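Here the structure comes first, spelled out in structure tokens, and everything after it is commentary.
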Amino acid sequence: MTVTSPTHALTRPDGSPLRVLVVDDEQMLTDLLSMALRMEGWDVRAAASGFQALQSARDFDPDVMVLDIMMPDLDGMAVLHRLRQSGNDVPVLFLTAKDSVGDRVAGLTAGGDDYVTKPFSLEEVVARLRGLMRRAGTAMAAEAEPILRVGDLSLNEDSHEVERAGDQIELTATEFELLRYLMRNQRRVVSKTQILDRVWNYDFGGRSSVVELYISYLRKKVDQGREPLIHTVRGVGYMIKTPQ
Numbered sequence: 018m019t020v021t022s023p024t025h026a027l028t029r030p031d032g033s034p035l036r037v038l039v040v041d042d043e044q045m046l047t048d049l050l051s052m053a054l055r056m057e058g059w060d061v062r063a064a065a066s067g068f069q070a071l072q073s074a075r076d077f078d079p080d081v082m083v084l085d086i087m088m089p090d091l092d093g094m095a096v097l098h099r100l101r102q103s104g105n106d107v108p109v110l111f112l113t114a115k116d117s118v119g120d121r122v123a124g125l126t127a128g129g130d131d132y133v134t135k136p137f138s139l140e141e142v143v144a145r146l147r148g149l150m151r152r153a154g155t156a157m158a159a160e161a162e163p164i165l166r167v168g169d170l171s172l173n174e175d176s177h178e179v180e181r182a183g184d185q186i187e188l189t190a191t192e193f194e195l196l197r198y199l200m201r202n203q204r205r206v207v208s209k210t211q212i213l214d215r216v217w218n219y220d221f222g223g224r225s226s227v228v229e230l231y232i233s234y235l236r237k238k239v240d241q242g243r244e245p246l247i248h249t250v251r252g253v254g255y256m257i258k259t260p261q
């Protein structure tokens, strides 16, 4: 799996690396997340249980936590409850296999700040953490605006707003991740396999036809009635670039 380098680094106000605590009992998942977050230049520590998470929160003093809800000893809700009771207001991104509206509401009501369901894309987790730390005031950016541009198309990685020639474009979460991946690789051909690996999730077992389907969705929203930006390179993959 490849991980793109950060477009603009976030640090603590004093210039030191941001601290991220990743809590999940799946070793492969914590390894992948830790790798992606370290590529952002952040200081990362992992915990495999709820009790380890509480100890690490005291010792490590993280700026943000990625917290799995379903764990064998102390679940994420209980961990968060104890953190808040102790006066720790660290921003928390819940990570869980549950996908019902009730679960989302329960997590946010308990004091969580955001919610991502498995399977997920590493790009999405990184973007959500960047947004959490910006809103909490714990992070400063080396560049003022987290905006990707290709011609008259712009994508804001923090607010998830997409515009073309001043017109706002509404995208689903998956469409947004796909467009962001294409824009981060402007004028570079990316294969269907690369897109599946980066956009869908860490162990997605789907077929490449889903990529074709979502490319067609994007084209209808981004390119229809305009000069096309998204191009097919037959037999290789897809590329986004400005018109010649």
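18 is the number of the first residue of the sequence shown in our numbering; add one for each residue after it.
Each residue gets a CB set at the ideal place from its N, CA and C atoms; glycine is no exception.
Note that the structure is a prediction, hence the values are computed from the model and not measured.
The region 104-112 / the region 147-157 touching (three or more Cβ pairs under 8 Å): yes
Own chain partners of E244 with C-beta closer than 6 Å, once the 5 adjacent residues on each side are dropped: P260
G254: first and last residue of the uninterrupted beta strand (DSSP E) it sits in: 254-257
Bridge partner(s) assigned by DSSP for L146: None, per the DSSP bridge assignment.
Limits of the alpha helix (DSSP H) - the one that F68 falls within: 67-77
Spatial distance of V39 from G32 (CA atoms): 22 Å
Residue closest to K258, alpha-carbon to alpha-carbon, out of D41, E187, V61, V207: V207
Under 7 Å between C-beta atoms of L172 and R197: yes
Distance between K209 and S226 (C-alpha atoms, nearest Å): 9 Å
Of the listed residues S138, R215, P79, D42, nearest to G93 (C-alpha basis): D42
For H177, the nearest candidate out of E187, S233, D169 (CA to CA): E187
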